[in-house]
Amino acid sequence: MLRHIKPTITIIFGAAIFAFGLTYFVVPHHLFEGGATGITLITYYLFNIPISLMNILINIPLFLLAWKIFGLRSLYSSLLGTIAVSVWLAIFEKIPLQFNLEGDLVVVALVAGVLLGVGLGVIFNAGGTTGGTDIVARILNKYTNISVGKLLFGLDFLILMLILIIFQDLRLVTYTLLFDFIVSRVIDLIGEGGYAGKGFMIITQKPMELAEKINEELGRGVTFISGQGYYSQKDLKIIYCIVARNEIVKMKEMIHTVDPMAFITITEAHEILGEGFTFPARDEVS
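Positions 558 to 843 (our numbering) are the ones given, in order, by the sequence shown.
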């Protein structure tokens, strides 16, 4: 029972943060947004139609169409997210609050980006969405070979271009792009759970010496992967190791000290789960 209640509460909580940021930071400073939220903002700025009402009106036909295509069960969390956002927007619209940021749109974009990013990140982590272009992208993805990510970017870009044409204010659209960038980065950070780092793949003539140094000085585990050089036909011990972001420079220096000729590839580790990251190493527990 608790397993089903927790995501619901989490989506409602995330929707509250999202709606708070939208109501008190985005709207008062006439910033914009991509997606369905961008359309609700256009109608609000032009015709003063409440954002909470327009959010529901835009999503009703989309949900009906998606219901026929995907079925109701797969849309539950999106429906919950959309309704929760609209309800919170309606509540905040009745509560007059002002935050004096002295008209500094850089600060506004930063605060709004963090709030909306946290709200959306919490909703996404719980398996929900806020409807709108998410649904349109899923429908188009079903009938095309275009990825959902590319479709979302394309839809958001079209809406921002529409905003630029209607309002002809490049300055505010530029700040909106900054704000949207911050939103996307915060969503990624929350999606990674805060445990993100870099993966090092190292080909060296001194694998044992380097592995011992990594283990002793960084306290990180090392995995040997068996490989073979194409030209030399020699067997290799390839080192694979994950480090935290604040250990990247030290890791590079360590490799260079042991073997300046080592071949290194560094990749993003978007989410790291396990010993040394999401729970302590065994020797720290005992």
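The beta-carbon is built from N, C-alpha and C at its ideal position, and this holds for glycine as well.
For clarity, every value in this text was computed on a predicted model and none was experimentally measured.
Which residues DSSP lists as bridging residue i, in chain order
i: methionine 758; result: Tyr797, Thr822
i: aspartate 792; result: Gln785
i: alanine 780; result: A small correction: the amino acid at residue 780 is threonine; alanine does not occupy that position in the sequence shown. BP columns for threonine 780 point to Tyr797.
Own chain, CB closer than 6 Å to residue i, minus 5 neighbours either side, in chain order
i: valine 842; result: Bear in mind that a pLDDT of 47 at valine 842, under 50, signals an unreliable position, so the model cannot answer this.
i: tyrosine 633; result: none
i: glycine 670; result: Phe736, Ile739, Val740
i: alanine 819; result: Ile759, Thr761, Ile812
i: leucine 658; result: Val664, Val665
i: glycine 660; result: none
i: tryptophan 645; result: Ala572, Ala573, Ala576
i: isoleucine 716; result: Gly591, Gly595
Residue i: first and last residue of the uninterrupted alpha helix (DSSP H) it sits in
i: phenylalanine 738; result: 727-748
i: glycine 592; result: 592-604
i: histidine 813; result: 805-815
i: tyrosine 581; result: Here tyrosine 581 belongs to no alpha helix (DSSP H), and DSSP marks it neither H nor E.
i: glutamate 773; result: Per DSSP, glutamate 773 belongs to no alpha helix (DSSP H) and is neither H nor E.
i: leucine 610; result: 608-627
For residue i, the three-state DSSP class (helix, strand or coil)
i: threonine 687; result: coil
i: glycine 571; result: helix
i: threonine 701; result: coil
i: isoleucine 722; result: helix
i: glycine 711; result: helix
i: histidine 587; result: coil
i: isoleucine 652; result: coil
i: lysine 763; result: coil
i: valine 842; result: Its pLDDT being 47, under 50, valine 842 is placed unreliably in this model, and the coordinates cannot settle the point.
Beta-carbon contacts of residue i that lie in its chain and below 8 Å, excluding the five residues immediately before and after
i: leucine 603; result: Ile723
i: leucine 636; result: Phe620, Gly688
i: valine 663; result: Tyr732, Leu735
i: leucine 721; result: Leu727, Val730
i: aspartate 713; result: Gly591, Gly592, Gly595, Thr690, Asp737
Neighbourhood of residue i by C-beta distance below 7 Å, restricted to the same chain and skipping five residues each side
i: leucine 667; result: Ile739
i: leucine 654; result: Tyr581
i: valine 800; result: Gly754, Lys755, Phe757, Leu775, Arg777, Met808
i: glycine 748; result: Gly678, Phe681, Asn682
i: phenylalanine 672; result: Phenylalanine is not the amino acid found at residue 672; the sequence shown has leucine there. Only Ile574, Phe577, Gly578, Phe582 meet the Cβ criterion.
i: valine 779; result: Ala768, Ile771, Asn772, Ile796, Cys798
i: leucine 793; result: Ile760, Gly784, Gln785, Gly786
i: isoleucine 562; result: none
i: isoleucine 569; result: Ala641
CB contact check: residue i to chain C, cutoff 8 Å
i: glycine 756; result: Of the protein chains in the structure, only one exists, and it is not chain C.
Next on the checklist: List, from N- to C-terminal side, the alpha helix (DSSP H) runs of 4 residues or more that fit wholly inside the region 654-689.
Outcome noted: 662-682
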